[in-house]
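>
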Amino acid sequence: MPKADQGCYLPVAGVLTATPQWHKRSTVHAKGKAGKGDVGGSDTGKWPRKCARVVSICRPAGHFLAWGGDRGQLLVWAGGASYCGAMPRALITGVTGQDGSYLATLLLEKGYEVHGLIRRASSFNTQRLDAIYRDPHESGVRFFMHYGDLSDSGSLVNLVRGLEPDEIYHLGAQSHVKVSFEIPEYTSDVTGMGTVRILEAIRASGVQTRFYQASSSEMFGLSVPPQDEATPFHPRSPYGVAKVFAHWMTINYRESYGLFASNGILFNHESPRRGETFVSRKITRAVARIKAGIQDTIYLGNLDSKRDWGYAPEYVEAMWLMLQHDTPEDFVIASGEAHSVREFALRAFEHAGLDFERHVKIDPSYYRPAEVDHLRGDPSKAFRVLGWKPRTRFDELIELMVDADIKLLDDELSGRLVSQDRDH
Ligand code: NAP
Ligand code: GDD
């Protein structure tokens, strides 16, 4: 439970009118002047400009905890008296992955208590969480990890029932497209059925929550770009097929049971935390190693496919925005630009002052049995409805990834910690 003296809870004098919605939450329209203090960082002193959302209605009725505001800060309307309400609680599957680690950080910054599902591995698999992990024995800890697996319904039911999260971000998946051709059954189970297991856990436990499904542009496959929310799906891999299944299951639970369930159809998004066997990171790591003289050649597959690439930390903001929206809907999240793998590699080599032609070779074993040639998203709906826009453009993304890999390698070399590449 929040304490009134926590910095992120601010008193606000104003008018809040609540429209009851599907469960304990309501949409709050707030108007009025700030109470004491700096209200949500608003430069006009008015709070908030748009809507905030009630996360808990306390007794006596009329006391609300609302959050949102201009920058998503937690705000309390005290109803003229005391503070009340509960700190919003989120559960993230796939928290150890690229997106999960950025999303956990974002939610902690917004004042959430964050719980992440991790699967058992024979060695540590939580490196991406090092910056936010704190020993749970310390006081004030708001980030917790729980063992479970998307192939294990019992662990999911227990977690959802035990935590009663306000929001569930389902990001866990076997997410590598090429690997999905080699392990199609496992991919269908974890990436497809994993979603059904969580949806069923929500339904069986009766927990009132909002659900985010990590859908993918890979579902569009052969469909002609630009792809938007109305574009038909034509997946080209077991991964893509599993994501289509999960996407439609999410819609089915929304329509059948009134669950607040939204699909984010995200196009490729990258970062220095990107898995090392996705093409962007494979290239930027190789560039760093070639520059340092410890590698000479990088072997790649199809250089002609085009992708719509964005920056992961901005894409997780869109996930959060989807679950703050008044209604559950599906959104395409993309940059709106497409570039080939060749362009990506050329720019990465050029940024490091290296010759692409000298160091890049083709290995057909990286070709896929069926390829997705051209993805370019139309994110107009997200611009219009969520106010979301990408900020980091193609060249900037590549440069920041190359620079980060050069720095990482320097750090590893100075500590003699260079590890072996294990590519798929
Ligand atoms: P990622 O880095 O590959 O992370 C995947 C996460 O899922 C990891 O935490 C992984 O755990 C976990 N996981 C895998 N199998 C699991 C299992 N059986 N049980 C529990 N957890 C399991 O993926 P990402 O790039 O962050 O993407 C996040 C989600 O968005 C995925 O669903 C992906 O398919 C989807 N997506 C990604 C993109 C993109 O461009 N990045 C675009 C569209 C959609 P370990 O760390 O232990 O492996
Ligand atoms: N991985 C990889 N390795 N891809 C290569 C290579 C290589 O050596 N050489 C060329 N490529 C090409 C692939 O054939 C593909 O056309 C493109 O580079 C991008 O491949 P990935 O980086 O593996 O990403 P992806 O587009 O297949 O899948 C990613 O984006 C999806 C969204 O569209 C993953 O993050 C998926 O989980 C995500 O859903």
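When we follow our numbering, the leftmost residue of the sequence shown carries the number 816, and every step to the right adds one.
Backbone N, C-alpha and C define an ideal beta-carbon position, used for all residues, glycine too.
Just so it is clear, the structure is predicted and the values come from calculations on it, not from any experiment.
1. Rounded to the nearest angstrom, how far is the Cβ of Ile-1105 from that of Ala-1160, given a contact under 8 angstroms?
2. Distance check for Thr-1112 and Leu-1228, CA to CA, integer angstroms please.
3. Can you tell me the Cα-Cα spacing of Gly-1230 and Leu-1224, whole angstroms?
4. Contact defined as beta carbons within less than 8 angstroms: I believe Thr-1024 pairs with Glu-982. What is the distance between those atoms, to the nearest angstrom?
5. In terms of alpha-carbon separation, which member of Gly-931, Ser-1032, Val-1059 lies closest to Trp-1124?
6. Quick one: using the 10 Å Cβ neighbour count with 16 as the cut-off for buried, is Ile-1221 buried or exposed?
7. Looking at the strands, I want to know which residues DSSP matches up with Met-1034.
8. Taking all protein chains shown into account, decide if Ser-1086 is buried (16 or more other Cβ within 10 angstroms of its Cβ) or exposed.
9. Tell me whether Tyr-927 is buried or exposed, calling it buried when 16 or more other Cβ atoms sit within 10 Å of its Cβ.
10. Examine the Cβ distances between the segment 1000 to 1007 and the segment 1050 to 1066 and report whether three or more of them are shorter than 8 angstroms.
11. Check Tyr-1255 in the structure and name its three-state DSSP category.
12. Under the three-state reduction of DSSP, which class applies to Tyr-1068: helix, strand or coil?
13. Give the single residue among Gly-1116, Tyr-962, Arg-1069 whose Cα lies nearest to the Cα of Ala-936.
14. Return the Cβ separation of Leu-965 and Arg-904 in integer angstroms, given the expectation that the two are a contact with Cβ distance under 8 angstroms.
15. List the whole-angstrom C-beta distance separating Ile-1148 from Ile-1066, where the pair is believed to meet the contact cut-off of C-beta under 8 angstroms.
16. In its own chain, which residues sit with a C-beta less than 6 angstroms from the C-beta of Gln-1042, not counting the 5 before and 5 after it?
17. Could you tell me which uninterrupted beta strand (DSSP E) segments, each at least 3 residues in length, are contained entirely in the segment 953 to 986, listed from first to last along the chain?
18. Could you pull the DSSP bridge partners for Ile-1148 from this structure?
19. Please check the pair Asn-1117 and Glu-1044, which I expect to be a contact at CB under 8 angstroms, by giving their CB distance rounded to whole angstroms.
20. Nearer than 7 angstroms: is that true of the beta carbon of Phe-1082 relative to any heavy atom of the ligand GDD?
21. So with Cβ pairs under 8 angstroms, would you call Leu-1190 a contact of chain D?
22. Assign Tyr-1072 to buried or exposed, taking buried as 16 or more other Cβ atoms, counted over all protein chains shown, within 10 Å of its Cβ.
23. For a test of the three-state rule: what should DSSP assign to Phe-1209, helix, strand or coil?
24. Do Tyr-1181 and the ligand GDD come close, with the Cβ less than 7 angstroms from some heavy atom?
25. Taking the alpha-carbon positions, what's the Glu-1165 to Glu-1214 distance?
26. Determine the extent of the beta strand (DSSP E) in which Tyr-1114 is found, giving its start and end residues.
27. In this structure, how does DSSP classify Gly-1007 when only helix, strand and coil are distinguished?
28. So who's on the other strand from Ala-905, going by DSSP bridges?
29. Rounded to the nearest angstrom, how far is the Cβ of Ala-992 from that of Tyr-917, given a contact under 8 angstroms?
Put simply:
1. Translated into positions along the sequence shown, residue 1105 becomes position 290. Translated into positions along the sequence shown, residue 1160 becomes position 345. Not quite, the Cβ-Cβ distance comes to about 12 angstroms (not below 8 angstroms), so this is no contact.
2. Here the question's residue 1228 lines up with position 413 in the sequence shown. Here the question's residue 1112 lines up with position 297 in the sequence shown. Each residue's alpha carbon lies about 19 angstroms from the other.
3. Walking along the sequence shown from the start, residue 1230 turns up at place 415. Walking along the sequence shown from the start, residue 1224 turns up at place 409. Going by the C-alpha atoms only, they are around 10 angstroms apart.
4. Position 209 of the sequence shown, counted from the first residue, corresponds to residue 1024. Position 167 of the sequence shown, counted from the first residue, corresponds to residue 982. So it is a contact: roughly 6 angstroms between Cβ atoms.
5. The residue you call residue 1124 lines up with position 309 of the sequence shown. Nearest in C-alpha terms to Trp-1124, of all of Gly-931, Ser-1032, Val-1059, is Ser-1032.
6. On the sequence shown, residue 1221 is found 406 positions in, with the first residue counted as 1. So Ile-1221 counts as buried.
7. Stepping through the sequence shown from its first residue, residue 1034 is reached at position 219. Answer is none; Met-1034 lacks a bridge partner.
8. If you number the sequence shown from 1, residue 1086 lands on position 271. Buried, since its Cβ has 16 or more Cβ neighbours within 10 Å.
9. Mapped onto the sequence shown, residue 927 falls at position 112. Per the 10 Å Cβ criterion, buried.
10. yes
11. Lying before the first or after the last residue shown, residue 1255 is absent from the chain, which here runs from 816 to 1239.
12. Your numbering for residue 1068 matches position 253 in the sequence shown. Judged by DSSP in its simplified three-state form, Tyr-1068 adopts helix.
13. Here residue 936 is taken as the residue at index 121 of the sequence shown, counted from 1. Out of Gly-1116, Tyr-962, Arg-1069, Tyr-962 has the C-alpha closest to the C-alpha of Ala-936.
14. The residue you call residue 965 lines up with position 150 of the sequence shown. The residue you call residue 904 lines up with position 89 of the sequence shown. Wrong, their Cβ atoms sit about 20 angstroms apart, outside the cutoff.
15. Walking along the sequence shown from the start, residue 1148 turns up at place 333. Walking along the sequence shown from the start, residue 1066 turns up at place 251. Actually they do not touch by this definition, with Cβ atoms about 17 angstroms apart.
16. The residue labelled residue 1042 in the question sits at position 227 within the sequence shown. Short of 6 angstroms from the beta carbon of Gln-1042, and not among the five residues preceding or following it, lie these beta carbons of its own chain, in chain order: Phe-1035, Gly-1192.
17. 958 to 962, 982 to 985
18. Within the sequence shown, numbered from 1, the residue matching residue 1148 stands at position 333. DSSP, once it has assigned bridges, lists Leu-1081 as partnering Ile-1148.
19. For the purposes of this step, residue 1117 is taken as the residue at position 302 of the sequence shown. For the purposes of this step, residue 1044 is taken as the residue at position 229 of the sequence shown. In this structure Asn-1117 is not in contact with Glu-1044, their Cβ atoms being roughly 27 angstroms apart against a cut-off of 8 angstroms.
20. Residue mapping note: residue 1082 aligns to position 267 of the sequence shown, counting from 1. For the ligand GDD, at least one heavy atom lies less than 7 angstroms from the Cβ of Phe-1082.
21. Considering every chain present, this structure includes no chain D. It has just one protein chain.
22. On the sequence shown, residue 1072 is found 257 positions in, with the first residue counted as 1. Tyr-1072 is exposed by the Cβ-count criterion.
23. Here residue 1209 corresponds to residue number 394 of the sequence shown, with the count starting at 1. DSSP, read as helix, strand or coil, puts Phe-1209 in helix.
24. For the purposes of this step, residue 1181 is identified with residue 366 of the sequence shown, where counting begins at 1. It does: the Cβ of Tyr-1181 is within 7 angstroms (strictly closer) of some heavy atom of the ligand GDD.
25. Counted from its first residue, the sequence shown places residue 1165 at position 350. Counted from its first residue, the sequence shown places residue 1214 at position 399. Roughly 10 angstroms between the two C-alpha positions.
26. Numbered from 1 along the sequence shown, position 299 holds the residue referred to as residue 1114. Start and end: 1113 to 1115.
27. Taking the sequence shown and counting its residues from 1, one reaches residue 1007 at position 192. If DSSP states are grouped into helix, strand and coil, Gly-1007 belongs with the helices.
28. Within the sequence shown, the letter at position 90 stands for residue 905. Val-929, Glu-982, per the DSSP bridge assignment.
29. Within the sequence shown, residue 992 is the residue found at index 177, counting from 1. Within the sequence shown, residue 917 is the residue found at index 102, counting from 1. What sits at residue 992 in the sequence shown is Val, not Ala. The pair is not a contact, with the Cβ atoms about 21 angstroms apart (cut-off 8 angstroms).
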